[in-house]
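Protein chains: 2
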Amino acid sequence: MLVLGIDPGVSVTGYGIIEELGGRLLHVYNGGISSSLNNPFPHCLKEIYADLEKIISDYSPNVMAIENLFFHKNVKTALKLGHTRGVAILTALNAGLDVYEYSPMEIKQAVVGYGRATKDQIQIMVKELLNLPEIVPFDPSDALAVAICHIHSTNMREALKKSI
Amino acid sequence: MLVLGIDPGVSVTGYGIIEELGGRLLHVYNGGISSSLNNPFPHCLKEIYADLEKIISDYSPNVMAIENLFFHKNVKTALKLGHTRGVAILTALNAGLDVYEYSPMEIKQAVVGYGRATKDQIQIMVKELLNLPEIVPFDPSDALAVAICHIHSTNMREALKKSI
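Protein chains in written order, with the numbering used here: chain F, 47 to 210; chain G, 47 to 210.
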């Protein structure tokens with residue numbers, strides 16, 4: 047299973063691809079799409095769509111995993127975040143990928159084992175779990191975290207099915 | 047000039063196409079794309095993209111005009127609204143249309159002549175300005191209003207250029 051994790055953001059949309067092979071997590075690729083301040087916001091959306099479309103076409107992930115957001119303390123940021131998140135989800139669906147959504151708490155629980163973990167703790171655990179040579183910046187690290195969460199959740203669901 | 051106006055919404059995304067011919071406003075088409083409660087939200091986004099893509103391909107508008115939103119009283123709604131708005135803008139840009147954004151006050155000013163007009167007043171003025179046989183529902187009516195606003199603003203900008 048090849049999973050594309052997405053961390054949509056107002057200034058950077060992080061992405062990370064992880065493969066699960068025989069129960070092991072293998073890091074494939076990660077990065078961030080910057081919404082340049084010199085580029086009008088609508089054009090940033092077009093760039094997110096085009097870049098994600100290329101990543102999906104290059105790596106052929108099976109599914110997309112993305113953080114589910116119901117709340118944000120700043121309405122203006124929530125509105126902007128909605129735009130990038132909507133475009134990311136659309137790109138995946140248009141490319142034929144299934145989209146899975148996880149709450150911030152589920153992601154933290156899956157990666158750190160603690161639903162109230164800090165961003166730094168996630169970053170360290172992502173590095174450890176994927177055996178990376180160094181810590182990855184926040185946006186791609188959060189994207190890798192949601193991909194890890196999807197793999198854990200899928201394994202858990204399958205294990206539960208077998209045990210019934 | 048053929049203008050596609052868009053009113054993105056959480057439950058219905060309204061659209062309206064208006065042609066300006068020799069200074070007259072001609073109504074071409076209007077409708078709404080419902081985000082069905084039985085359809086998961088990501089799939090509603092895909093539907094909005096596909097439906098708008100078809101409308102653009104069928105009617106070949108020159109530009110898209112859409113309301114600019116910086117605030118919403120409900121954060122949850124703002125997040126959802128951001129998704130549909132982002133997808134609508136992306137559809138236009140991917141189809142090669144320029145996108146113009148207008149504030150709610152600019153739209154009301156252009157259609158009713160009063161920046162604090164009510165939704166009902168907009169509805170009545172849209173019917174009058176486009177010489178429609180009857181009142182159009184709120185969502186497509188608001189979409190037609192933003193298209194009217196774009197035509198007025200463009201004419202105003204051109205008149206100003208000539209007078210300089």
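Each residue gets a CB set at the ideal place from its N, CA and C atoms; glycine is no exception.
This one's a predicted model, so the numbers in the text were calculated from it and none came from an experiment.
Distance from the CA of Val172/F to the CA of Glu180/F, rounded to the nearest whole angstrom, comes to 10 Å. Rounded to the nearest angstrom, the Cβ distance from Glu99/F to Ala141/F is 7 Å, consistent with a contact under 8 Å. By alpha-carbon distance to Ala96/F, the top candidate from Asp144/G, Leu139/G and Val192/G is Leu139/G.
Pairing Val192/G with Leu127/G gives a Cβ-Cβ distance that is not under 7 Å. The C-alpha of Gly77/F lies about 38 Å from the C-alpha of Ser209/F.
CA-CA distance, His196/G to Arg203/G, rounds to 10 Å. The alpha-carbon of Leu175/G is positioned some 43 Å away from that of Thr59/F.
By the Cβ-count criterion, Ser81/G is buried, with 16 or more other Cβ atoms from all chains shown falling within 10 Å of its own Cβ. Just measuring C-alpha positions, the residue of Gly62/F, Leu71/F, Leu67/F and Val121/F sitting nearest Ala111/F is Gly62/F. When C-alpha distances from Glu65/G are compared across Leu206/G, Arg131/G, Phe184/G and Asn177/G, the shortest belongs to Asn177/G. For Ile135/G, the residues of chain F that pass the 9 Å Cβ criterion are Phe87, Pro88, Leu91, Lys92, His129 and Val133, in the order they occur in the chain. Boundaries of the beta strand (DSSP E) around Asn76/F: Arg70 to Ser80.
Unbroken alpha helix (DSSP H) runs of no fewer than 4 residues, entirely contained in the stretch 148-199 of chain G, are found at 150-158 and 165-175, following chain order. In this model, Val121/F and Ile194/G are separated by some 28 Å (Cα to Cα). Between the C-alpha atoms of Ile135/F and Glu152/G there is a straight-line separation of about 31 Å.
CA-to-CA, the gap between Val109/G and Gly159/F works out to about 50 Å. Secondary structure remark: continuous beta strand (DSSP E) runs of at least 3 residues inside the stretch 60-134 of chain F, in chain order: 70-80 and 109-113. Cβ neighbours of Lys165/F within its own chain (closer than 7 Å, five residues either side excluded): Phe184. In the DSSP assignment, Gly51/G forms a beta bridge with Gly62/G and Ala111/G.
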